[in-house]
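Read left to right, the sequence shown gives residues 1 to 210 (full-length UniProt numbering).
Data block below; observations after.
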Amino acid sequence: MSKIVLYGFDGSTYVRTVRMLLAEKAASYELVPVNVLKGEPREPAHLARHPFGKVPVLDHDGFRVLETSAIAAYLDEVLPGPSFTPDNPKDRARMRMAMSFIDSYGYGALIGVAGFHLFPDFIGGQNEEAKQQAIATSRRVLAELMKLRGGDAHIAGARPSLADLYLAPICFYVGLTSDAEEVFAVDGFAPWWERMQAMPSYQATAPQLG
Ligand SMILES: N[C@@H](CCC(=O)N[C@@H](CS)C(=O)NCC(=O)O)C(=O)O
1 MSKIVLYGFD GSTYVRTVRM LLAEKAASYE LVPVNVLKGE PREPAHLARH
51 PFGKVPVLDH DGFRVLETSA IAAYLDEVLP GPSFTPDNPK DRARMRMAMS
101 FIDSYGYGAL IGVAGFHLFP DFIGGQNEEA KQQAIATSRR VLAELMKLRG
151 GDAHIAGARP SLADLYLAPI CFYVGLTSDA EEVFAVDGFA PWWERMQAMP
201 SYQATAPQLG
């Protein structure tokens, strides 16, 4: 039996992406706590695992993988169970575009909105102007992601892919705020969000808040 160790904490959206995938694959694993809100990723013990002080970090049978896109692609390939990588080049390109949009433009903006309400210290305090900018950017990113989705049920096709597992955990936090209605008022977002919230792997990985 192969051994999977995941460093991170359940409050991290990127860690939840990997946890959703592991749940979908019915894989057992050990979660070693590294609390982002307490600054633990920046402590020497974790910097030895990840030079830029981020979670998640994955160890699989002694092989270490850093960065969520690499971790998710690796686990999707090596673990049995349903695939979260589309079976054709165009849909794979849509998935990768979406993941890059989220990494490059979406995560910071959406977490900027959520952090304003839920964890202001983590984002450097409550700045109303920064929040308004984050709302505008979040809406642009969600609009582009829903354009990529087009008429499909999920971002890169009929089945959920890694792109969907990337976005849902971030939307979870925005959904807890009074700005959710405005951020989520994007064509095509509501049915996608309903489908994601209904996924058992989404429900099984909800962070323990408070
Ligand atoms: N590029 C990294 C980003 C991961 C990331 O930003 N993780 C956040 C938690 S969701 C983190 O570790 N933050 C710690 C910090 O910035 O101090 C990846 O793809 O894994």
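We put the beta carbon where it would ideally sit given N, CA and C, even for glycine.
Just so it is clear, the structure is predicted and the values come from calculations on it, not from any experiment.
Between the beta-carbon of serine 12 and the beta-carbon of valine 32, is there less than 7 Å? no
Local Cβ density within 10 Å of serine 178, reported as buried at 16 or more and exposed below that: exposed
Is valine 36 near ligand 1, judged by its Cβ being under 6 Å from some heavy atom? Yes, Cβ of valine 36 sits closer than 6 Å to a heavy atom of ligand 1.
Just the C-alpha distance for arginine 139 and leucine 162, rounded to the nearest angstrom, thanks. 21 Å
Taking DSSP's pairing of strands, which residues face proline 33 in a bridge? Gly8
Ignoring anything shorter than 4 residues or poking outside the region 109 to 163, list the alpha helix (DSSP H) runs there in chain order. 128 to 149
Separation of methionine 20 from leucine 165, as counted between CA atoms: When rounded, the distance between both Cα atoms is 7 Å.
With a threshold of 7 Å on Cβ separation, who are the neighbours of arginine 49 within its own chain once the five nearest residues in sequence on each side are excluded? Tyr7 and Val57
Indicate, with yes or no, if ligand 1 has a heavy atom lying under 6 Å from the CB of glutamate 67. yes
So does tyrosine 14 have its beta carbon nearer than 6 Å to some heavy atom of ligand 1? yes
Using a Cβ-Cβ cutoff of less than 7 Å, which residues in the same chain neighbour aspartate 152 once the five nearest sequence positions on both sides are dropped? Ala158
Leaving out five residues before and five after tyrosine 105 in sequence, what residues of the same chain have Cβ atoms less than 7 Å from its Cβ? Thr137 and Val141
When the Cα atoms are used, what is the spatial distance from glycine 188 to proline 160? 16 Å
Quick one: is the Cβ of lysine 25 within less than 6 Å of any heavy atom of ligand 1? no
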